[in-house]
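Residues in the sequence shown are numbered from 1499 upward in steps of one, following the working numbering.
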Amino acid sequence: MAEKEKLLERFQEIIKQDSTTCAEHGTTEVSIILHKTDWVRIFVDRDAADSTAITIDVEVCVPSIEPSRVSSPENNTKIIHEMRPLLETFIEHIKYILKLEDSGFSVDFIENGCLLSATKIFENEPDPEIFRLLCPPR
């Protein structure tokens, strides 16, 4: 099953269960993880008081990495080779956030610029095509 279909299927499971989850936790709001990778977390947020509004939050953050210590030319070369793939992946994730912004998501920096967040409130169940956009880079 393609990733878009997996996201859509999981989303439909979440919106069916969210009102019981709210009741179980004694709250009117619930936030459930739709998808998670090392770089991305996607949440579905619901408010039991407004059963039609659905908020999708996407968070992008660089995974925890070992701090670089440059003390020699050999070490510097090693760090450059390790950092390049990380930076290229970060660029892909920034493009992912920009694509979400182009589709109407609000984008913000959180935690001193380390974490990017994209949020959109849907008044009804989102169009299935939105789940293609939610598929994060690999």
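Quick reminder that beta carbons are idealized off the backbone N, C-alpha and C, glycines included.
Quick caveat: nothing in here was measured; it's all calculated off a predicted structure.
Is residue i helix, strand or coil when you go by DSSP?
| i | result |
| --- | --- |
| T1535 | coil |
| F1509 | helix |
| T1587 | helix |
| E1627 | coil |
Compare the Cα-Cα distances from residue i to each of the options and report the closest residue.
| i | options | result |
| --- | --- | --- |
| P1624 | S1562, A1551, D1536 and V1538 | A1551 |
| H1639 | K1618, E1621 and V1560 | It is not possible to answer for residue 1639, since the shown part of the chain is limited to 1499 through 1636. |
| L1598 | S1529, L1584, S1549 and I1554 | I1554 |
| L1596 | V1556, R1582 and P1626 | V1556 |
| K1493 | I1540, P1635 and V1542 | Because the chain spans 1499 through 1636 in this model, residue 1493 falls outside it and cannot be assessed. |
| I1540 | A1546, D1548, I1512 and E1527 | I1512 |
| V1558 | V1528, T1535 and A1546 | T1535 |
| E1507 | E1527, V1542 and V1538 | V1542 |
To the nearest angstrom, report how far apart residue i and residue j are at their CA atoms.
| i | j | result |
| --- | --- | --- |
| K1618 | F1603 | 5 Å |
| L1584 | D1606 | 22 Å |
| E1586 | S1562 | 16 Å |
| I1589 | E1609 | 19 Å |
| R1544 | Q1510 | 13 Å |
| L1614 | F1620 | 20 Å |
| D1514 | I1530 | Looking at the sequence itself, residue 1514 is Lys, so the reference to Asp does not match. Approximately 12 Å, taken between the alpha carbons. |
| D1600 | H1579 | 33 Å |
| R1582 | S1549 | 45 Å |
In chain order, what residues of the same chain lie with their CB nearer than 7 Å to the CB of residue i, ignoring the 5 residues before and after it?
| i | result |
| --- | --- |
| K1502 | F1629, R1630 and C1633 |
| L1505 | L1532, H1533, F1629, L1632 and C1633 |
Between residue i and the rest of its own chain, which residues show a CB-CB distance below 6 Å, the 5 nearest in sequence each way excluded?
| i | result |
| --- | --- |
| E1527 | D1545 |
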